[in-house]
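For the sequence shown, counting from 1, position 389 maps to 549 in the working numbering; every step adds exactly one.
Glycine included, every Cβ here is placed at the ideal spot set by N, Cα and C.
It should be emphasised that the depicted structure is a prediction, and the values quoted were computed from it without experimental measurement.
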Amino acid sequence: MCQVKQEVDNLIKQDPAKSAAFSVLKYLVYRAFINRSIIVGSLIRILFCKPICLLFTVALFFISCDTSVRPVDLILYNGKIISVDQDHTISEALAIKNGKFLSVGSNQEIKKLFRATQSIDLQGLSVIPGIIEGHVHPIPASISEHFEEIPDVKTIAELLSWVQLQVQEKPQGSWIIHPKFFATRLQEMRQPTIVELDSVAPDHPVFLDGSYGGMVNSAALRMSNVSTRTAEEGFLRDPQSGELNGMLRRSAFEFLAIDHSDQLSDEERRFDLTQLLQMYNQVGITSITAGSGTTKDLDVFKSLRTSGDLTVRIFQNISIPFNHQDSIEQMRQALDDLGYHTGTGDEWVRVGALKAVIDGGVLTGTAYLREPWGLGAKEIYGITDPTYRGVLRIGQEDLERMILVALEKDWKFTAHVTGGGGVDVLLNAIESVAETQNVMDKRFSVIHGNFYTENAIIKMKNLGVYADMQPAWFFKDADLLYQVLGEDRMQTFHPYKSLFDAGAIVNGGSDHMVKLNSYTAINPYNPFLSMWSVVTRKTELGSVYNTDQALSRLQALQMYTINNAFASFEEDIKGSIEPGKLADLAVISEDLLTCAEDRIKEIQVVLTMVDGNIVFDNGTLDVDEPEDRER
Ligand SMILES: [Zn+2]
């Protein structure tokens, strides 16, 4: 019956006359039976019900019959369609017309009702809604391996041999740079020493960039004219000798004599970006949230869209275009100058949230925690101050002012915050603003967050704040953080189940920044690897932590589909396979809901479709054109 109702809905959408007649009918029937209004209901039942119900049924029959075989663009059949709708519907087939799902049902139903220009026999494979990636940085990531591959180093020895190879290939004096190097992700969990780096690169400057901190060798210091005597505060020193030890804070990056001049043409950048978007398609991604950016980035995507080269839908976050200490007036002006706000655009390129950065990162000991980092952090990060909790860049008061202006100018507000202390500051600021303003409908979010106490989770639920999380961080970094912070504090690390149970919305993303391979990129953006990690609570090193926080497979899929559609206010047009929604989907090699648990991370995408068009196809399935056969 559901199927029939859905068909009627679809049919009347196409015909205004039928539509009007049915609207009246539906209204009367709903008034009578659903609202159970006694007077209206009784009258209708007496006067109309029997003849009308009969007429209704007869009309349905004829409409279904005489136009029963309707032309559509594409039918997918003989599969397992995991729709991720509210009822968790599983079907066998679907029909697509004009870039949208027209109908979903059994093989028999779909084949009876529609005639397709093209059809695909899914051969029993599963279909999921197109993956919506909640947090990536595609523009910098796309060019990160333009000149050379970034190595996936796991040990100090591997790092040193890569540097050595670079020394042999590059002329003396040219920089050897690893653009996203987290020493805490090495087996040794430490930076190489300056002596180790000098031993393989005596005359080549080396810079290992870890975003919020880094490491250089002696040649890099020499070339940058930095000496023990002249060094700025951001260059760290050996506690015993007082000599520079090569480690540096982000504030010292600007003193390195690296030539940042642009070496790539616009054409090359464009090409690299379209390639990366196609790589996203290869793992089933059909939409992304670009985690930070500017008007320029937004324009890049708009131009790709115009030229027909966009194969992924974009929700582009905009980094705050003002300083957090600016006056309210200055903030207002800066937002007015942008000339757009959250939601501006269309289903291909849309303006995302307004993004602030509140603290540093967990991999560099700069995340702002609830308690001091403690003794465990001394060995890994060299933190010796027993009261040090991390770096808090924006305090609650400034955040409140920023949030107020964001609300006034119609922006969704979001912020990078990686430590629990930072999460609390942000939630307190939102809570305080919520006393006088409506924030609930604005779907604010915490980017990363990582550490959520019960109290924080309740606040998120009550304030309608979403948790924009990266399971890849759990996979990569949980082992290190257990060592640094200890088991007790790690109880609050990535508590997916508690967030789901409380009714808070959890968004799945990766924070992909550099490297192109979906499994070895920093961070790995393969959605199936991430889903496997939230389902199993396993890390890269094979440890398993807090299985009581594991999600079901369907919940994991929701994180990467419908929940992310909510985050961009697009749950009515995407995030699930339902009639009327955009035809974005992925056909996958295994049944995500029933395959062996460890197979989840190995799932391959067979075919990806955006807007009803195939954007990736690994050649497993044939596209039939039945009309040709009939001719
Ligand atoms: Zn990010």
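- Fewer than three pairs of CB atoms, one per stretch, sit closer than 8 angstroms, so the segment 630–637 makes no contact with the segment 258–272.
- Within the chosen limit of 8 angstroms, ligand 1 reaches the beta carbon of Asp671 through at least one heavy atom.
- Annotation: the continuous beta strand (DSSP E) that includes Ala276 extends over 274–281.
- Collapsing the DSSP output to three states places Asp519 in coil.
- In the three-state reduction of the DSSP assignment, Gln715 falls in the helix class, which pools H, G and I.
- Selection Ala727, Val766, His654 evaluated against Thr699 yields His654 as nearest (Cα-Cα).
- In terms of Cα proximity to Val644, the closest of Leu535, Ile270, Ala417 is Leu535.
- DSSP, read as helix, strand or coil, puts Gly646 in helix.
- Taking a contact to require three or more Cβ pairs closer than 8 angstroms, the segment 425–435 and the segment 758–777 do not qualify as touching.
- Gly468 has its alpha-carbon roughly 32 angstroms from the corresponding atom of Val229.
- Residue Pro311 holds the alpha-carbon nearest to the alpha-carbon of Phe341 among Glu329, Pro311, Ser321.
- When the Cα atoms are used, Lys734 and Thr446 turn out to be separated by approximately 10 angstroms.
- Only exposed fits Asn615, as fewer than 16 other CB atoms lie within 10 angstroms of its CB.
- Taking Ser670 as the centre and dropping the five residues before and after it, the same chain places the C-beta of Glu293, His295, Val296, Gln630, Ala632, Asn683, Pro684, Tyr685, Ser690 closer than 7 angstroms to its C-beta, in chain order.
- Set against 8 angstroms, the gap from the CB of His576 to the closest heavy atom of ligand 1 is smaller.
- Taken through DSSP and simplified to helix, strand or coil, Gly373 comes out as strand.
- Gln476 sits buried, since 16 or more C-beta atoms from the chains shown fall within 10 Å of its C-beta.
- Taken atom to atom, the span from the alpha-carbon of Asp363 to that of Thr454 is near 38 angstroms.
- Buried is the label assigned to Asn441, since at least 16 other Cβ atoms lie within 10 Å of its Cβ.
- Taking a contact to require three or more Cβ pairs closer than 8 angstroms, the segment 704–713 and the segment 402–415 do not qualify as touching.
- For Ile607, the closest C-alpha among the options Val625, Thr315, Pro481 is that of Val625.
- Distances taken from the Cβ of Ile607 to the heavy atoms of ligand 1 include one shorter than 8 angstroms.
- Per DSSP, Asn723 is one residue of the alpha helix (DSSP H) stretching across 722–727.
- Shown here, Pro300 sits in a helix according to DSSP, grouped into three states.
- Relative to ligand 1, Ser302 has its C-beta separated by 8 angstroms or more from all heavy atoms.
- Taking all protein chains in view, the Cβ of Lys456 is surrounded by fewer than 16 other Cβ atoms within 10 Å, so the residue is classified as exposed.
- Judged by pairs of C-beta atoms under 8 angstroms, the segment 535–551 does not touch the segment 485–503, as fewer than three such pairs exist.
- Around the C-beta of Asn610, 16 or more other C-beta atoms lie within 10 Å, and the residue is accordingly described as buried.
- For the set Asp601, Val517, Gln597, Arg530, the Cα lying nearest the Cα of Val577 is the one of Val517.
- Uninterrupted beta strand (DSSP E) stretches at least 3 residues long and entirely within the segment 321–384 occur at 336–338, 366–369, 373–376, given in chain order.
- Residue pairing by DSSP places Glu308 opposite no residue, since no beta bridge is assigned to it.
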